[in-house]
Amino acid sequence: MAEDTLTRAELTEAVYEEVGLSRNESAELVETVLGEMSNALIRGESVKISSFGSFTIRNKSERIGRNPKTGVEVPITPRRVVIFKPSHVLKSRINSPQDK
Amino acid sequence: MTKSELILKLSESNPHLYQRDIEILVATIFEEISYALECGNRVELRGFGTFATKKRGARTGRNPRTGDSVPVSEKFVPFFKTGKQLREKLNH
Numbered sequence: 001m002a003e004d005t006l007t008r009a010e011l012t013e014a015v016y017e018e019v020g021l022s023r024n025e026s027a028e029l030v031e032t033v034l035g036e037m038s039n040a041l042i043r044g045e046s047v048k049i050s051s052f053g054s055f056t057i058r059n060k061s062e063r064i065g066r067n068p069k070t071g072v073e074v075p076i077t078p079r080r081v082v083i084f085k086p087s088h089v090l091k092s093r094i095n096s097p098q099d100k
Numbered sequence: 001m002t003k004s005e006l007i008l009k010l011s012e013s014n015p016h017l018y019q020r021d022i023e024i025l026v027a028t029i030f031e032e033i034s035y036a037l038e039c040g041n042r043v044e045l046r047g048f049g050t051f052a053t054k055k056r057g058a059r060t061g062r063n064p065r066t067g068d069s070v071p072v073s074e075k076f077v078p079f080f081k082t083g084k085q086l087r088e089k090l091n092h
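For the protein sequence lines, the chains are A and B, in the order given. Per the working numbering, residue 1 is the first one in the first sequence, and the count goes up by one each step. Per the working numbering, residue 1 is the first one in the second sequence, and the count goes up by one each step.
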């Protein structure tokens with residue numbers, strides 16, 4: 001199984017083929033989709049895509065970390081992180097036997 | 001925000017497009033990502049994040065109700081890592 005990476009370019013190409021808009025507009029729309037999802041997360045909303053998965057925001061409070069190289073303790077500031085929970089559909093697709 | 005709300009938002013900001021086309025657009029994006037993961041490939045969307053699969057080795061699990069040992073075979077789980085730009089925007 002060859003290890004390949006899917007990027008914006010391949011998404012744009014797929015949209016171009018499936019929807020039939022120009023490559024330029026396809027690229028812009030891919031960007032808009034990612035932008036709208038990012039903005040929702042930044043607003044603190046979760047993003048739920050059925051049969052794919054959901055992205056939620058979790059608030060992490062401050063904790064003490066350690067520089068693994070020097071052992072020096074450093075405070076890790078409170079932060080918001082994105083948690084992705086894959087849907088059952090996606091999980092089972094990834095584990096279904098198939099010819100790759 | 002759900003998938004249908006995302007579609008609605010895109011139709012509002014793109015009144016020249018058919019809603020049908022926007023539905024296909026959104027479906028295509030998530031189908032492509034799912035398919036790439038299914039094939040064991042990575043998905044790298046700079047600024048947003050990357051999707052990859054991680055291997056979970058076979059292990060012996062237990063039925064929590066009965067305590068019986070059950071073999072759990074090897075499996076792959078999807079994994080998302082937030083991109084740098086999004087991570088920074090969440091915490092500025």
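Beta carbons: idealized from backbone N, C-alpha and C, even for Gly. Predicted model only: the values in this text are computed from it and were never measured.
CB contact below 8 Å: ALA40 of chain A versus chain B: Taking the first sequence and counting its residues from 1, the one referred to as residue 40 of chain A is at position 40. Taking 8 Å as the CB threshold, ALA40 of chain A lines the interface with chain B.
Residue-level contact to chain A via CB, LEU37 of chain B, 8 Å cutoff: Numbered from 1 along the second sequence, position 37 holds the residue referred to as residue 37 of chain B. True, the Cβ-Cβ gap to chain A drops below 8 Å.
Unbroken stretches of the alpha helix (DSSP H), 4 residues or longer, contained in the segment 30-97 of chain A: For the segment 30-97 of chain A, whole alpha helix (DSSP H) runs of length 4 or above, ordered along the chain, are 88-95.
9 Å Cβ cut-off: residues of chain A touching ARG42 of chain B: Indexing the second sequence from 1 puts residue 42 of chain B at position 42. Per Cβ cutoff of 9 Å: GLU3, ASP4, THR5, LEU6.
Closer than 8 Å to chain A by CB, PRO71 of chain B: Reading the second sequence from its first residue, position 71 is the one you call residue 71 of chain B. Judged by the 8 Å Cβ criterion, PRO71 of chain B is not in contact with chain A.
Straight-line Cα distance separating PHE55 of chain A from LEU29 of chain A: On the first sequence, residue 29 of chain A is found 29 positions in, with the first residue counted as 1. On the first sequence, residue 55 of chain A is found 55 positions in, with the first residue counted as 1. Taking the straight line joining both Cα atoms gives about 20 Å.
Option in A:GLY35, A:SER96, A:ARG93, A:LEU90 with minimal Cα separation from GLY83 of chain B: Translated into positions along the second sequence, residue 83 of chain B becomes position 83. Nearest option by C-alpha distance: A:GLY35.
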